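K.L.:
Top line first, the protein sequences correspond to chains W and E. Residue numbering for the first sequence follows the working numbering, starting at 249 and increasing by one per position. Residue numbering for the second sequence follows the working numbering, starting at 2 and increasing by one per position. Beta carbons: idealized from backbone N, C-alpha and C, even for Gly. Treat the numbers as computed from the prediction; the structure is a model and nothing was measured.
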Amino acid sequence: MKNRDPSRASSAPPRREGEERDWSVVVEDGRAKTNEPVSSAVAEPEATTLRHEPHEPPRQHLPTKLFEKRTKVHNKRIDGPFRRFKWFVMFVTLAVYYGTPWIRWDRGPYAPDQAVLVDLANRRFYMFGIEIWPHEFYYVAGLLIMAALGLFLVTSAVGRAWCGYACPQTVWTDLFQHVDRFVDGDRNARIRLDAAPLGPKKFAKRTFKYTIYLVISFWTGGAWIMYFADAPTLVRDFWAGEAAPAAYITVAILTLTTFTLGGFMREQVCIYMCPWPRIQTAMMDEKSLLVTYKDWRGEPRGSVKKAQKNPEKFGDCIDCLQCVAVCPTGIDIREGPQVGCITCALCIDACDKVMADIGRPRGLIDYATLEDCEKEANGEPTRSPWKAIFRPRTIAYFLIWGSIGLAMLFALGVRSHVGLSVSPDRNPPYILMSDGSVRNSYTLKLRNMESRPREMEIAVEGLPSALMWTDTIGRDEAARSQIKTVPADQVLSVRAYVIAPEGTSTQEFNFRVTSRDEQQESATTETRFDTPGGEQ
Amino acid sequence: MANKRIDEPTGTEFVGHEWDGIEELDTPMPRWWLWSLYATIVWGVIYVILYPAWPLVNKATEGVLGWSSRGELAEEMSVVDQARATVREELARMPIERLPENSELFGQAVAGGRSAFQVHCSQCHGSGAAGSQTLGYPNLNDDDWLWGGDLKAIEYTLVNGIRAPGVDDTRMSVMPPFEGAFDADQLTAVTNHVLSLSGKASSTASGAQLYQDNCSVCHGPSGEGNRELGAPRLNDAIWLYGSSPEQLRNQILNPKMGRMPHWSGRLDPVTIKMLSAYVWSLGGGEEFVEVAEDPAVEVDEEP
Numbered sequence: 249m250k251n252r253d254p255s256r257a258s259s260a261p262p263r264r265e266g267e268e269r270d271w272s273v274v275v276e277d278g279r280a281k282t283n284e285p286v287s288s289a290v291a292e293p294e295a296t297t298l299r300h301e302p303h304e305p306p307r308q309h310l311p312t313k314l315f316e317k318r319t320k321v322h323n324k325r326i327d328g329p330f331r332r333f334k335w336f337v338m339f340v341t342l343a344v345y346y347g348t349p350w351i352r353w354d355r356g357p358y359a360p361d362q363a364v365l366v367d368l369a370n371r372r373f374y375m376f377g378i379e380i381w382p383h384e385f386y387y388v389a390g391l392l393i394m395a396a397l398g399l400f401l402v403t404s405a406v407g408r409a410w411c412g413y414a415c416p417q418t419v420w421t422d423l424f425q426h427v428d429r430f431v432d433g434d435r436n437a438r439i440r441l442d443a444a445p446l447g448p449k450k451f452a453k454r455t456f457k458y459t460i461y462l463v464i465s466f467w468t469g470g471a472w473i474m475y476f477a478d479a480p481t482l483v484r485d486f487w488a489g490e491a492a493p494a495a496y497i498t499v500a501i502l503t504l505t506t507f508t509l510g511g512f513m514r515e516q517v518c519i520y521m522c523p524w525p526r527i528q529t530a531m532m533d534e535k536s537l538l539v540t541y542k543d544w545r546g547e548p549r550g551s552v553k554k555a556q557k558n559p560e561k562f563g564d565c566i567d568c569l570q571c572v573a574v575c576p577t578g579i580d581i582r583e584g585p586q587v588g589c590i591t592c593a594l595c596i597d598a599c600d601k602v603m604a605d606i607g608r609p610r611g612l613i614d615y616a617t618l619e620d621c622e623k624e625a626n627g628e629p630t631r632s633p634w635k636a637i638f639r640p641r642t643i644a645y646f647l648i649w650g651s652i653g654l655a656m657l658f659a660l661g662v663r664s665h666v667g668l669s670v671s672p673d674r675n676p677p678y679i680l681m682s683d684g685s686v687r688n689s690y691t692l693k694l695r696n697m698e699s700r701p702r703e704m705e706i707a708v709e710g711l712p713s714a715l716m717w718t719d720t721i722g723r724d725e726a727a728r729s730q731i732k733t734v735p736a737d738q739v740l741s742v743r744a745y746v747i748a749p750e751g752t753s754t755q756e757f758n759f760r761v762t763s764r765d766e767q768q769e770s771a772t773t774e775t776r777f778d779t780p781g782g783e784q
Numbered sequence: 002m003a004n005k006r007i008d009e010p011t012g013t014e015f016v017g018h019e020w021d022g023i024e025e026l027d028t029p030m031p032r033w034w035l036w037s038l039y040a041t042i043v044w045g046v047i048y049v050i051l052y053p054a055w056p057l058v059n060k061a062t063e064g065v066l067g068w069s070s071r072g073e074l075a076e077e078m079s080v081v082d083q084a085r086a087t088v089r090e091e092l093a094r095m096p097i098e099r100l101p102e103n104s105e106l107f108g109q110a111v112a113g114g115r116s117a118f119q120v121h122c123s124q125c126h127g128s129g130a131a132g133s134q135t136l137g138y139p140n141l142n143d144d145d146w147l148w149g150g151d152l153k154a155i156e157y158t159l160v161n162g163i164r165a166p167g168v169d170d171t172r173m174s175v176m177p178p179f180e181g182a183f184d185a186d187q188l189t190a191v192t193n194h195v196l197s198l199s200g201k202a203s204s205t206a207s208g209a210q211l212y213q214d215n216c217s218v219c220h221g222p223s224g225e226g227n228r229e230l231g232a233p234r235l236n237d238a239i240w241l242y243g244s245s246p247e248q249l250r251n252q253i254l255n256p257k258m259g260r261m262p263h264w265s266g267r268l269d270p271v272t273i274k275m276l277s278a279y280v281w282s283l284g285g286g287e288e289f290v291e292v293a294e295d296p297a298v299e300v301d302e303e304p
């Protein structure tokens, strides 16, 4: 145990009167064991394993509080490359969310012209050039699998980058924190205002702030429903009071959740509610990038003055607490990797600035892998963080992710835009006609997935000398095939009668539907022809 | 209370129960829980005032709002009826022979007829309208019609029934029983002749003569039947009472003749129209020949 910071021992159980032992370290089998966290960068290999060996913790009286009270986070303004990147991601994600429903996409007269539309009423999902029907929901499943694998990929390469930059909770929390800063001022002003009694000035500021919160929340809830109906029409209906109740309820719920989660819950969602940080711990390894404090370089902490007096004794950390002040989740990164750290890297920006001011090299807090941390602590050469991204695991994830994407694109590209399903009548299974021939009835569903009406030919394949006709024509027009016009983007239900001469045995045959246009798309469905004679 | 001990870590009283050293603390309810309880009580009082609540002998107390689930159902039913009213009005106005021209209205008539068929007709003709040979109920899906298969003929049958007692215009005919009229050889000969009409047996001169004398008046010289009399075709593949020589002999000696109740007065004309359209649509419906000959049939625009 080297470099033990005396201040850290404060979290150890308090010594009781008359006790002489330090219970934070227990000597068993001639080895010192501790329950205290030890950075893997500084611990000796055996210590890393031994410290987990169970030993009786000191008996103590638990404090009577049953929950941990939230300490409000007043994060300080900071500027730097990571903050700018965060601004950029925030701008892009918000623009995508609020803007997408307003993009138009011409699909001709028979389909909506909204680029991205989940048309629940008509059971269609439009995404630019792609239209998905309910029976093709596996594309959505594929998209979700890609999203999951994408998170695996990102996590194994750059740790919790999703949490730090792109997660909606992070983006909206960031947005609301900017509102706090805009209305109430920066960290110190906000702390003062929070402590101040509620006077007219504070009341006015709070009202103003919550109004902005509400506007943002309402806008967020309002943007959501735009994905489910034609956006301009829906906006008009919404304000005219003519939209569906579901629209108002959805907006109300999402306004409420945005207001609560973004305005008040904030980092508590990440720390207490979200399962993803827990899953991510299992996905990261010693080769994953994470935001970490290089304690071998920083410890023991000491002010610039102290370090000038005694340069050998102190590390680079001057304990200025800037990294804590800027943290949007209010943690101290110097305590090591923890569930509260969303790796937004704002502490890197803050620390780099301080290091530049006092003339020490940057990167006391930095993106690094645990492997490199150990190497660096031992004075060995390390790899650049960029290279840490490319390793077999991330490449394998990327290949799986990419091949699912390509497979889906391929399937989308070659999928047929006609479809046919057949359900034979079972009551009665066959009908004997007066000339001795046998008739079977079928309900055919012709699917036209193009956004224009199409002529389709339904033909009987197999079943020699059988003829067919439909409910809109007579038996005198029976033939081997019939032509129907299927409306744009619709399923046409057709009653079909197939008649076969006396002596035909029960057998399987096919209906084939072919589009009578340049595509000549076709689909075949097997069905059964029943006769009184049975199978032969 | 005598047993008033305090749990040291939480500062809460014990209730006094103990199970294997585990004791129950008298922890107070969370405030939100208590308020939820009060809120449900208030809600309950308001509900009792507004909605039917206390069951009485015949009905429940009526709420201030006057709501009831029966009332709601009646309201929904009347909405559906109103939506159907226009269709029914149109159907009432439209003569049945012009119905197939309006495919939308025809589709609605078929749909309405389908549900009426399940209620009034499926008992005999079956839910798939396939009839029953053992019981002698005709299959309505095929192209063989005893009394005619165009829309008007079907409607007439529905309105007046077949051999329905007490109905003046009912479809009526009787096949005489030939019990005792033929000796055994004659019976075999005439049976064989009837079967030969559809190629199922070979005929003899005596059989042909017997058929000519006794049967051809109604069933026609070559067994083509007569729809005026409901005399079935004998030269086709469909045999309502079976095609074995035994079944045929029984039918000659002691003929079975089907009956169908009349529906006029029991079903309204529009429902009968819808039923006719449904039966006609089952796949064996015949074209209405008179439409071309009688273009004077016009849609009555003002009922």
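Can you list, in chain order, the residues of the stretch 730-753 of chain W whose Cβ is nearer than 9 Å to any Cβ on chain E?
P.N.:
Taking 9 Å as the upper bound on Cβ-Cβ separation, chain E lies near residues R743, Y745 and E750 of the stretch 730-753 of chain W.
K.L.:
In whole angstroms, what is the alpha-carbon distance linking E/C125 and W/A726?
P.N.:
31 Å
K.L.:
I want to know whether the stretch 486-497 of chain W touches the stretch 359-367 of chain W - three or more CB-CB distances under 8 Å.
P.N.:
Contact fails: fewer than three Cβ-Cβ distances are below 8 Å.
K.L.:
W/L423 by DSSP, collapsed to three states: which one?
P.N.:
Looking at W/L423 - three-state DSSP - the assignment turns out to be helix.
K.L.:
Straight-line CA distance for W/V402 to W/D567?
P.N.:
32 Å
K.L.:
Is there a Cβ of chain E sitting closer than 8 Å to that of W/G390, yes or no?
P.N.:
no
K.L.:
Check for me: the beta strand (DSSP E) holding W/A744 runs from which residue to which?
P.N.:
According to the DSSP assignment, W/A744 belongs to the beta strand (DSSP E) that extends over Q738 to A748.
K.L.:
Taking 8 Å as the threshold (beta carbon to beta carbon), is E/G284 in contact with chain C?
P.N.:
Judged by its chain identifiers, the structure shown contains no chain C, and its protein chains are W and E.
K.L.:
Buried or exposed: which applies to W/F336, given that a residue is buried once 16 or more other Cβ atoms fall within 10 Å of its Cβ?
P.N.:
By the 10 Å Cβ count, W/F336 comes out exposed.
K.L.:
Anything in chain E within Cβ reach of W/M681, meaning under 9 Å, just list it in chain order.
P.N.:
D143, D144, D145, D237, A238, I239 and G285
K.L.:
Within 10 Å of its beta-carbon, does E/Y48 have 16 or more other beta-carbons around it, so buried, or fewer, so exposed?
P.N.:
The residue is exposed, with fewer than 16 neighbouring Cβ atoms inside 10 Å.
K.L.:
Please return the same chain residues whose Cβ sits closer than 6 Å to the Cβ of E/E24, not counting the five positions on each side in sequence.
P.N.:
Result list for E/E24: F15, in chain order.
K.L.:
How long is the line joining the alpha carbons of W/Y541 and W/C589, rounded to whole angstroms?
P.N.:
12 Å
K.L.:
Please confirm if E/N140 has its CB atom under 8 Å from at least one CB of chain W.
P.N.:
With a threshold of 8 Å between beta carbons, E/N140 makes contact with chain W.
K.L.:
Is W/R687 close to chain E, meaning its C-beta is less than 8 Å from at least one C-beta of that chain?
P.N.:
yes
K.L.:
Counting along the chain, where does the beta strand (DSSP E) carrying E/E19 start and finish?
P.N.:
F15 to W20
K.L.:
Going by DSSP in three states, E/L188 sits in which element: helix, strand or coil?
P.N.:
helix
K.L.:
Along chain W, which residues have their Cβ under 8 Å away from the Cβ of E/A131?
P.N.:
N675, P676 and I679
K.L.:
How many whole angstroms separate the CB atoms of W/M697 and W/E379, which I take to be in contact at a CB cut-off of 8 Å?
P.N.:
7 Å
K.L.:
Is E/R234 close to chain W? Criterion is C-beta to C-beta, closer than 8 Å.
P.N.:
yes
K.L.:
In chain order, which continuous runs of the alpha helix (DSSP H) of length 4 or greater are located wholly inside the stretch 127-215 of chain E?
P.N.:
152-161, 185-197 and 206-215, all fully within the stretch 127-215 of chain E.
K.L.:
E/S128 touches chain W at which residues, Cβ-Cβ below 7 Å?
P.N.:
Residues of chain W passing the Cβ test: N675.
K.L.:
Alpha carbon to alpha carbon, how far is E/P222 from E/G162?
P.N.:
Taking the straight line joining both Cα atoms gives about 28 Å.
K.L.:
Name the two residues that bound the continuous beta strand (DSSP E) containing E/I23.
P.N.:
I23 to L26
K.L.:
What separation, rounded to the nearest whole angstrom, lies between the Cα atoms of E/S204 and E/K257?
P.N.:
24 Å
K.L.:
Can you pull the chain E residues whose beta carbon is under 7 Å from the beta carbon of W/G684, in chain order?
P.N.:
A238
K.L.:
Show which residues of chain W have a CB atom less than 9 Å away from the CB atom of E/E14.
P.N.:
Residues of chain W with a Cβ closer than 9 Å to the Cβ of E/E14 do not exist, since the nearest Cβ in that chain sits about 15 Å away.
K.L.:
If I measure Cβ to Cβ from W/E756 and keep anything under 8 Å in the same chain, skipping five residues before and after, which residues do I get?
P.N.:
G710, E774, T775, R776 and F777
K.L.:
Starting from W/T540 and walking both ways along the beta strand (DSSP E), at which residues does that stretch end?
P.N.:
L537 to Y541
K.L.:
What does W/S671 pair with, by DSSP beta-bridge criteria?
P.N.:
W/T691
K.L.:
Starting from W/K732, follow the beta strand (DSSP E) in both directions and report where the run begins and ends.
P.N.:
S729 to V734
K.L.:
Scan the stretch 700-734 of chain W for residues whose Cβ lies nearer than 8 Å to a Cβ of chain E and list them as they occur along the chain.
P.N.:
D719, T720, G722 and R723
K.L.:
Between E/R6 and E/W36, what straight-line distance do the alpha-carbon atoms span, to the nearest angstrom?
P.N.:
28 Å
K.L.:
Assuming W/L715 contacts W/R700 (C-beta within less than 8 Å), just tell me the rounded distance between them.
P.N.:
No, W/L715 and W/R700 are not in contact; Cβ-Cβ is about 30 Å, not under 8 Å.
K.L.:
Which two residues bound the contiguous alpha helix (DSSP H) that contains W/I460?
P.N.:
P448 to I473
K.L.:
Buried or exposed for W/V499, going by 16 or more other Cβ atoms inside 10 Å?
P.N.:
buried
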